[in-house]
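Terminal number for the sequence shown in the working numbering: 316, no gaps in between.
Even glycine gets a Cβ: it sits at the ideal position worked out from N, Cα and C.
None of these values were measured; they are calculated from a predicted model.
Notes follow once the structure below has been shown.
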Amino acid sequence: MTRCIKFILRARIYHRITMKTCRYLGFLILLLVAASYMQPAQAQEGPSILIITAHPDDDASFAATIHRITHNLGGTADLALITNGAGGYRFSTFAEDIYGLELTNPEIAKKHIPAIRKKELMAGGSIIGLRDYTFIDQPDTGKTFDADAVMDNEWDVELVARVLDRVLADGDYDFVFTMVPVPSTHAHHKAASIFALEAVSRMATANRPIVLAGSSQSTFPPESFTFRMLEGHPLTTLSDEHGPWGFNRNTKLGLDDRLNYNIIRNWLIAEHKSQGTMQTYMSLGESWETYWLYEMNGPEAVPTVQALFDAVVDVK
């Protein structure tokens with residue numbers, strides 16, 4: 001109920017007209033009266049986000065945005081992770097001394113890397129404010145680009161779908177964040193986004209969260225971004241009429257404006273010590289966390305997305 005107050009009073013937008021929204025609006029007078037008696041922390045409760053990704057470090061793509069939502073807007077963010085992360089051992093050379101294990105040995109890595117990466121994920125998640133985690137533990141067999149092969153031959157499709165359906169039903173989320181399923185990205189990233197879109201599409205229309213595709217970009221709006229849809233998967237179609245939206249990690253804050261949100265992302269990355277090449281992503285030039293609207297949401301989702309990013313950007 002307090003999320004409704006936030007979107008109506010704080011963001012001052014007319015939320016998309018669905019049965020779910022009407023349920024909120026039907027009690028609007030009661031909520032307005034109750035809001036006057038609420039404690040400040042309750043009245044500032046913000047949007048609820050579910051991140052659906054493939055690997056234990058993929059949440060770095062959304063780090064600054066999620067930090068703003070959880071720390072400044074009073075929102076919540078949960079994560080559903082599809083793989084066990086076992087494929088991320090090849091660049092673990094420096095981490096071998098830290099963990100006292102020969103992590104670049106595939107047999108040793110298979111036994112220990114999944115648990116190590118979960119701990120690293122949750123350590124990084126505590127920095128950006130992740131609240132809850134769902135581990136689906138599907139095989140992480142290493143880098144490939146064929147998402148259909150992953151879904152057909154590697155992952156338990158029925159299990160993934162069943163778990164995501166339950167998480168979405170229980171969470172009552174406002175938004176789902178996925179990675180942009182461009183052809184050049186890891187097949188697991190693409191498959192995770194497809195599973196997320198399919199899960200939301202199975203929900204009753206009135207209860208669906210808005211699904212966004214996120215990616216780090218060097219400029220805003222992106223100058224060379226041409227992706228429209230992943231072939232064979234029409235649900236991945238991005239809106240070409242609305243968006244994108246973004247938050248710049250170079251946004252300054254603190255004494256004399258000496259701080260920015262690259263620090264938050266770098267802290268998160270630093271927790272993933274088993275992922276050697278991940279550390280090279282610190283403070284790259286891709287400072288814009290950029291989000292596109294999937295066409296399946298419909299144009300009625302635009303005001304709500306706009307309100308979210310107005311709030312994220314305008315935090316004082």
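| Asked | Found |
| --- | --- |
| G254 versus W267: straight-line alpha-carbon distance, rounded | 17 Å |
| Assigned exposure category for K252 - 16 Cβ within 10 Å defines buried | exposed |
| Contact belief for R319 with A95 at Cβ below 8 Å, rounded distance in angstroms | In the structure as shown, the chain starts at 1 and stops at 316, and residue 319 therefore has no counterpart that could be examined. |
| Per DSSP, cross-strand counterpart(s) of Y291 | G214 and W245 |
| Straight-line Cα distance separating H186 from E223 | 22 Å |
| Beta-carbon proximity of P114 to N84, cut-off 8 Å | yes |
| Completely contained alpha helix (DSSP H) runs for the segment 142-221, where each covers 4 or more residues | 157-171 and 187-201 |
| T277 in three-state terms, based on DSSP | helix |
| Of the residues G74, H67, G88 and A123, the one placed nearest A270, counting alpha carbons only | A123 |
| T21 - DSSP class collapsed to helix/strand/coil | Below a pLDDT of 50, predicted positions are generally treated as unreliable, and T21, at 46, falls in that range; the measurement from the model is reported next regardless. Helix. |
| Candidates P183, N260, A191 and D256, of which the one nearest S283 by Cα | N260 |
| Three-pair Cβ contact test at 8 Å for the segment 227-238 versus the segment 64-82 | no |
| C-alpha gap between G88 and T304, whole angstroms | 37 Å |
| S201 vs M296 beta-carbon contact at 8 Å | yes |
| CA nearest to the CA of W292, picked from E231, F225, N262 and Y281 | F225 |
| Residues near G142 by beta carbon distance below 6 Å, same chain, minus five either side | G87 |
| C-alpha distance - V315 paired with R68, whole-angstrom precision | 8 Å |
| N-terminal and C-terminal residue of the beta strand (DSSP E) that Y89 is part of | It is not in any beta strand (DSSP E) - Y89 carries neither H nor E in the DSSP assignment. |
| Cβ shell of G298 (< 6 Å), same chain only, five flanking positions each side left out | none |
| Per DSSP, the bridge partner or partners of L79 | I51 and Y133 |
| Close-in-space but distant-in-sequence residues of the same chain around L101 (CB under 7 Å, 5 per side omitted) | I108 and H112 |
| Where P303 sits in the DSSP three-state scheme | helix |
| Simplified DSSP assignment, three categories, for N266 | helix |
| Nearest-angstrom Cα separation, counted from K110 out to I66 | 31 Å |
| Span of the alpha helix (DSSP H), counted from its first residue to its last, around M229 | From DSSP, M229 is part of no alpha helix (DSSP H); its letter is neither H nor E. |
| CB of P181 within 8 Å of CB of I194, strictly | yes |
| Bounding residues of the alpha helix (DSSP H) (the contiguous stretch that carries G125) | P106 to I128 |
| Pair within 8 Å by beta-carbon distance, A196 and A161 | no |
| Cβ neighbour criterion (16 or more within 10 Å) applied to M203 | exposed |
| Sequence-distant residues of the same chain with beta carbon closer than 8 Å to W288, five excluded per side | S216, Q217, S218, T219, F220, P222, G246, F247, N248 and R249 |
| Through-space distance from P234 to L130, alpha-carbon basis | 30 Å |
| Residue range of the unbroken alpha helix (DSSP H) whose run includes A63 | A63 to H71 |
| Cβ pair I52, A192 closer than 8 Å | yes |
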